[in-house]
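Residue numbers (our numbering): 205 to 314. To start, the structure itself, in structure tokens.
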């Protein structure tokens, strides 16, 4: 562990009192991105209505279902409308879609 600040490193007499007991950021596991279809209707509406949230931020912050092969399905108007507008809530909602897959090898993107 490193001292919390350069000041503490230079001026703390008791070095052990300056040691940061919090784990470093890179040691912590990042929170997994939530799946878009698992958000509530209210959560999706707030995100879509926000003028501050970009399509790129939605794609980075949320995941599309694992069974979906639609490239960038969360890309707003150019993505999967059924998913974006909340008509997809479970895998059974997609089984008739031509981009539905049960084989993760079919996905050519992450």
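Quick reminder that beta carbons are idealized off the backbone N, C-alpha and C, glycines included. Note that the structure is a prediction, hence the values are computed from the model and not measured.
_residue 245 in three-state terms, based on DSSP_ = The sequence position of residue 245 within the chain shown is 41, counting from 1. Of the three classes helix, strand and coil, the one that applies to residue 245 here is helix, per DSSP.
*Reduced DSSP category for residue 272 - H, G, I as helix; E, B as strand; rest coil*: The count along the chain shown starts at 1 and reaches residue 272 at position 68. Residue 272: strand per DSSP, three-state reduction.
*Between the segment 253-261 and the segment 290-298, are three or more C-beta pairs nearer than 8 Å?*
The segment 253-261 is not in contact with the segment 290-298.
*asked:* Which residues does DSSP list as the beta-bridge partners of residue 291?
replied: As a working mapping, residue 291 is identified with position 87 in the chain shown. None; residue 291 has no bridge partner.
*Thinking just about the alpha-carbon of each residue, which of 240, 272, 250 is nearest to the one in residue 265?*
Here residue 265 refers to the residue found at position 61 of the chain shown. Comparing Cα positions, the closest option is 240.
*Would residue 287 pass as a contact of residue 261 if the rule is Cβ separation under 9 Å?*
Position 83 of the chain shown holds residue 287. Position 57 of the chain shown holds residue 261. It is not a contact, given that the beta carbons lie outside the stated cut-off.
*In terms of DSSP beta bridges, what is residue 304 paired with?*
Translated into the one-based positions of the chain shown, residue 304 becomes position 100. In DSSP, residue 304 forms a bridge with 272.
*For residue 263 versus residue 278, is the C-beta spacing smaller than 9 Å?*
What you label residue 263 is simply residue 59 of the chain shown in a count that begins at 1. What you label residue 278 is simply residue 74 of the chain shown in a count that begins at 1. If you check the CB distance, residue 263 and residue 278 come in under 9 Å.
*Can the beta-carbon of residue 305 be found less than 9 Å from the beta-carbon of residue 284?*
Along the chain shown, one-based indexing puts residue 305 at 101. Along the chain shown, one-based indexing puts residue 284 at 80. No. Outside cutoff.
*Between the CA atoms of residue 289 and residue 282 - distance to the nearest angstrom*: The count along the chain shown starts at 1 and reaches residue 282 at position 78. The count along the chain shown starts at 1 and reaches residue 289 at position 85. Those two C-alpha atoms are separated by around 12 Å.
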